[in-house]
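Enquirer:
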Amino acid sequence: MNSAIGKSLTDLLIAAGVPSFEEASALTSNLDGGSWTTQVLDSGKVDENRFLAAIGEFFHVPVTSIDAKTIDRQTLTLLPSRFVFQHHILPIQVKENAVVLATYDLFNSIGRELASQLLKKP
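Per this note's numbering, the sequence shown starts with residue 1417, numbered consecutively.
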């Protein structure tokens, strides 16, 4: 891993509540080959809300809680449910030329690319 990226991720993890630099450094490598975000959350070493807020701040994206009652049912059907559960990406709003997607895993670039292809929108 690029050392600058590793340092940034380590700083992000410390901001999210990982108690030591050593533990944060160990979490920057994806040991199981799955989702790094899931691995970090499953480690029990970060506070979920602090972690997601730190990721949002790092990538300059909004972090918000979602109230399922406020999402239009038609919007929820824009992506197949199997896709939503597999990639943890949920359509939450339709805008003029785009669909707003929600996810907890910003590192899932494959899922985001597939969603864009399925929706045929950015």
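Where a beta carbon is used, it is the ideal one built from N, C-alpha and C, also for glycine.
I'd like the span of the alpha helix (DSSP H) that includes residue 1482, first residue to last.
Expert: That residue, residue 1482, is in no alpha helix (DSSP H); it is neither H nor E in DSSP.
Enquirer: If you follow the alpha helix (DSSP H) that residue 1434 is part of, which residue opens it and which one closes it?
Expert: No alpha helix (DSSP H) holds residue 1434; DSSP gives it neither H nor E.
Enquirer: Could you pull out every residue in the same chain whose Cβ sits closer than 6 Å to the Cβ of residue 1440, ignoring the five residues on either side in sequence?
Expert: 1426, 1429, 1430 and 1434
Enquirer: Write down every uninterrupted run of the beta strand (DSSP E) in the segment 1454–1524 whose length is 3 residues or greater and which is fully enclosed by it, in chain order.
Expert: 1505–1511 and 1514–1519
Enquirer: Using beta-carbon positions only, say whether residue 1519 and residue 1507 come within less than 8 Å of one another.
Expert: Result no, Cβ atoms of residue 1519 and residue 1507 do not sit closer than 8 Å.
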